[in-house]
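J.: This structure is in structure tokens; I'll ask about it shortly.
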Amino acid sequence: MKETRWWKFVQDLIGQDTYRDAARKAGFDQSAFSRWKRGAVADPAFVLKLARAYNTNVLNALVEAEFITKEEAQLKEVSANTDPRAIPHETISSEVERRLLQLKALESDERQSSSNVSYLPNRVEHSGAPDVDTDNYGEDADSFEPERYVAKRKKPEPSLGDDDFGDGA
Numbered sequence: 064m065k066e067t068r069w070w071k072f073v074q075d076l077i078g079q080d081t082y083r084d085a086a087r088k089a090g091f092d093q094s095a096f097s098r099w100k101r102g103a104v105a106d107p108a109f110v111l112k113l114a115r116a117y118n119t120n121v122l123n124a125l126v127e128a129e130f131i132t133k134e135e136a137q138l139k140e141v142s143a144n145t146d147p148r149a150i151p152h153e154t155i156s157s158e159v160e161r162r163l164l165q166l167k168a169l170e171s172d173e174r175q176s177s178s179n180v181s182y183l184p185n186r187v188e189h190s191g192a193p194d195v196d197t198d199n200y201g202e203d204a205d206s207f208e209p210e211r212y213v214a215k216r217k218k219p220e221p222s223l224g225d226d227d228f229g230d231g232a
């Protein structure tokens, strides 16, 4: 029987760990290893779990399991130790610009929504004490903060003649 690319990757990845230990670490049944050894196609969820359990690149694992190609994964070595000075100025400036525009849009939306509050017809200022049974919230009850503005719960009573039933007499 021919060893699959995935099985070779798995053996290299788990090293001296037993199948039982590796399965426990990844959070699935050890029978998966027997299936893979016999040449079965790995479930993508298992591929991801195993890669994450062993702190390896999930894209590389998906390539080795033959779910995606190297080109699709556009594999690049990513390191937390990348020197920011090595990043091209154009890349940094375009990222800063993108983030500033995103922040500006969020702030604009926030200002827009808060300025609309004064125009809400059924808006009343809430006194502060919650009118819900906080016993059911457990530990969260202490951190419960009521909304500053809430809609009136009671519908306005129709005035005389507003109910289409005559003048009320």
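Residue numbers (our numbering): 64 to 232. Using N, Cα and C, we set each Cβ at its ideal position, and we do this for glycine too. In this text, all values refer to a predicted model and were calculated from it rather than measured experimentally.
Restricting to Cα atoms, I'd like to know which of Glu170, Arg101, Arg87 and Gln165 is closest to Tyr243.
T.: The requested residue 243 does not occur in the structure, where the chain is confined to residues 64 to 232.
J.: Measure the C-alpha to C-alpha separation of Thr132 and Leu113 and round it to an integer number of angstroms.
T.: The residue you call residue 132 lines up with position 69 of the sequence shown. The residue you call residue 113 lines up with position 50 of the sequence shown. Approximately 19 Å between the Cα atoms of the pair.
J.: Could you spell out the range, first to last residue, of the alpha helix (DSSP H) harbouring Ile77?
T.: Mapped onto the sequence shown, residue 77 falls at position 14. Residues Arg68 to Ile77.
J.: In its own chain, which residues sit with a C-beta less than 7 Å from the C-beta of Ala89, not counting the 5 before and 5 after it?
T.: Taking the sequence shown and counting its residues from 1, one reaches residue 89 at position 26. Closer than 7 Å at the Cβ level, and outside the excluded window around Ala89, lie Lys112, Leu113 and Ala116.
J.: Which residues mark the beginning and the end of the alpha helix (DSSP H) in which Ala89 is found?
T.: In the sequence shown, counting from the first residue as 1, residue 89 sits at position 26. Tyr82 to Ala89 is the span of the alpha helix (DSSP H), which, as asked, contains Ala89.
J.: Taking C-alpha atoms, which residue in Leu122, Ala149 and Asp146 lies nearest to Ala136?
T.: For this step, residue 136 is matched to residue 73 along the sequence shown. Answer by Cα proximity: Leu122.
J.: With a CB to CB cut of under 8 Å and the five nearest residues on each side skipped, what residues in its chain are close to Thr119?
T.: Position 56 of the sequence shown, counted from the first residue, corresponds to residue 119. Here the set comprises Leu76.
J.: Pull up the distance between the alpha-carbon of Ala124 and that of Glu170, whole angstroms please.
T.: As a working mapping, residue 124 is identified with position 61 in the sequence shown. As a working mapping, residue 170 is identified with position 107 in the sequence shown. Taking the straight line from one Cα to the other gives about 40 Å.
J.: Between which two residues does the alpha helix (DSSP H) holding Glu127 run?
T.: Within the sequence shown, the letter at position 64 stands for residue 127. First-last of the alpha helix (DSSP H) with Glu127: Val121 to Glu127.
J.: Anyone know if the C-beta pair for Glu127 and Phe91 falls short of 9 Å?
T.: Numbered from its first residue, the sequence shown carries residue 127 at position 64. Numbered from its first residue, the sequence shown carries residue 91 at position 28. No; because the gap between Cβ atoms is not below 9 Å, this pair is not in contact.
J.: Of all the options Leu163, His152, Thr67 and Lys167, which has the alpha carbon lying nearest to the alpha carbon of Gly102?
T.: The residue given as residue 102 occupies position 39 in the sequence shown. Of the listed residues, the one whose Cα sits closest to Gly102 is Thr67.
J.: May I ask you to report which of helix, strand or coil DSSP gives Thr154?
T.: Position 91 of the sequence shown, counted from the start, is the residue given in the question as residue 154. In the structure shown, Thr154 sits in a helix (DSSP, three-state: H, G or I).
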